[in-house]
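A.B. asks:
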Amino acid sequence: MNDSSLAGSVPERRRSRLRPVFLVPIVLFIAIAIALGWGLTRNPSTIPSALIGKPVPDFALAPVQGRMLGLAAADVRGQVSLVNVFASWCTACRAEHPLFMGLAQSGAVPIHGLNYKDRPADAAQWLDTLGDPYTRTGADLDGRVGIDWGVYGVPETFVVDADGRVAFKHIGPVTPEALKETILPLIKRLRSQGQGSGS
Numbered sequence: 051m052n053d054s055s056l057a058g059s060v061p062e063r064r065r066s067r068l069r070p071v072f073l074v075p076i077v078l079f080i081a082i083a084i085a086l087g088w089g090l091t092r093n094p095s096t097i098p099s100a101l102i103g104k105p106v107p108d109f110a111l112a113p114v115q116g117r118m119l120g121l122a123a124a125d126v127r128g129q130v131s132l133v134n135v136f137a138s139w140c141t142a143c144r145a146e147h148p149l150f151m152g153l154a155q156s157g158a159v160p161i162h163g164l165n166y167k168d169r170p171a172d173a174a175q176w177l178d179t180l181g182d183p184y185t186r187t188g189a190d191l192d193g194r195v196g197i198d199w200g201v202y203g204v205p206e207t208f209v210v211d212a213d214g215r216v217a218f219k220h221i222g223p224v225t226p227e228a229l230k231e232t233i234l235p236l237i238k239r240l241r242s243q244g245q246g247s248g249s
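Just so it is clear: in the sequence shown, position 76 is 126 by the working numbering, and no numbers are missing.
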């Protein structure tokens, strides 16, 4: 083999090795773009919870200041119910509160409140001023029960079946559309499957 044939084959080999190296960033960019695009199309209020289908965490909370009934795991067994995580400092909680007041007045489903990382006097004043839609309200002063429930922030609302299992988690303020199209139909379906009468 002469020197001229060697000289011609070396750049060719180098070029063939470089092609995959140039493709790697392009492939990575496309993969990241697809992943981000998929994430942006998802509804943030329907982030899956690790608790779906599992029993509610074992907990017992004292009542919010001025209330008689606290909240414990045993309180959410026996009938389909909602657990609403709220706080007086939460602006979005204030936005959804009239919806829960109307729902409580209709008697459609028991609503339990989990007051998250709030000052006792502020929570009591908030409920006294805006109304109290909750059957029971537990004060989660340090947020540990919220962590056990997988709370990302407030508000969050859980549908709990009659056996005390989490059936659904809604992140963010519950809207009339979410209530009508998702939450109430699920409650009806759970009740028709023998998961609690609601009385």
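Glycine included, every Cβ here is placed at the ideal spot set by N, Cα and C.
When the Cα atoms are used, what is the spatial distance from residue 131 to residue 231?
C.D. replies: Straight-line Cα distance between these residues: approximately 17 Å.
A.B. asks: Please report the straight-line C-alpha distance between residue 223 and residue 75, rounded to a whole angstrom.
C.D. replies: Between residue 223 and residue 75, the C-alpha separation is close to 40 Å.
A.B. asks: Sort 179, 192, 157, 204 by Cα distance to residue 237 and report the nearest one.
C.D. replies: Among 179, 192, 157, 204, the Cα nearest to that of residue 237 belongs to 157.
A.B. asks: State the CB to CB distance for the pair residue 186 and residue 229, rounded to an integer number of angstroms; the pair is presumed to be in contact (CB under 8 Å).
C.D. replies: Not really, about 20 Å apart at Cβ, beyond 8 Å.
A.B. asks: Tell me whether residue 184 is buried or exposed, calling it buried when 16 or more other Cβ atoms sit within 10 Å of its Cβ.
C.D. replies: It is buried - the Cβ of residue 184 has at least 16 other Cβ atoms within 10 Å.
A.B. asks: The beta strand (DSSP E) spanning residue 231 covers which residue range?
C.D. replies: Looking at the DSSP string, residue 231 is not in any beta strand (DSSP E), and its letter there is neither H nor E.
A.B. asks: What is the rounded straight-line gap between the Cα of residue 129 and the Cα of residue 203?
C.D. replies: Those two C-alpha atoms are separated by around 26 Å.
A.B. asks: Relative to the alpha-carbon of residue 181, which residue among 149, 235, 135 has its alpha-carbon at the smallest distance?
C.D. replies: Of the listed residues, the one whose Cα sits closest to residue 181 is 149.
A.B. asks: In whole angstroms, give me the CA-to-CA distance for residue 140 and residue 170.
C.D. replies: When rounded, the distance between both Cα atoms is 14 Å.
A.B. asks: Nearest CA to the CA of residue 243: which residue from 227, 147, 84, 211?
C.D. replies: Selected option, being the one with the closest Cα: 211.
A.B. asks: Over the uninterrupted alpha helix (DSSP H) stretch that includes residue 152, give me the two end residues.
C.D. replies: Here the alpha helix (DSSP H) through residue 152 covers 141–156.
A.B. asks: Does the beta-carbon of residue 180, which I'm using as the reference point, lie nearer than 6 Å to any heavy atom of the ligand ZN?
C.D. replies: Absence of the ligand ZN from the depicted structure is noted, as is the absence of any ligand whatsoever, leaving it without description.
A.B. asks: With a cut-off of 8 Å on the beta carbons, I'd call residue 216 and residue 233 a contact; round off their distance for me.
C.D. replies: Actually they are not in contact, since the Cβ atoms of residue 216 and residue 233 sit about 13 Å apart, beyond 8 Å.
A.B. asks: Whole angstroms are fine: how far does the CA of residue 207 sit from the CA of residue 107?
C.D. replies: Answer to the nearest angstrom: the Cα atoms are 15 Å apart.
A.B. asks: Using C-beta distances below 7 Å, list every residue in its chain close to residue 193, excluding the 5 sequence neighbours before and after it, in chain order.
C.D. replies: Around residue 193: 166, 167.
A.B. asks: In this structure, how does DSSP classify residue 95 when only helix, strand and coil are distinguished?
C.D. replies: Any reading at residue 95 must be qualified, since the residue scores a pLDDT of 44, below 50, and its modelled position is unreliable; the value itself is stated next. Correct three-state label for residue 95: helix.
A.B. asks: Buried or exposed, going by whether 16 or more other CB atoms sit within 10 Å of the CB of residue 177?
C.D. replies: Burial call: buried.
A.B. asks: Less than 7 Å between the beta carbons of residue 196 and residue 101, yes or no?
C.D. replies: In this structure, residue 101 does not lie closer than 7 Å to residue 196 by Cβ.
A.B. asks: State the start and end residues of the unbroken alpha helix (DSSP H) segment that holds residue 161.
C.D. replies: Unbroken run through residue 161 is the beta strand (DSSP E), 161–166; no alpha helix (DSSP H).
A.B. asks: Once DSSP output is grouped into helix, strand and coil, what is the label at residue 225?
C.D. replies: It is coil, neither helix nor strand.
A.B. asks: Helix, strand or coil for residue 131? Go by DSSP, reduced to three states.
C.D. replies: The answer is strand: DSSP assigns residue 131 an E or B state.
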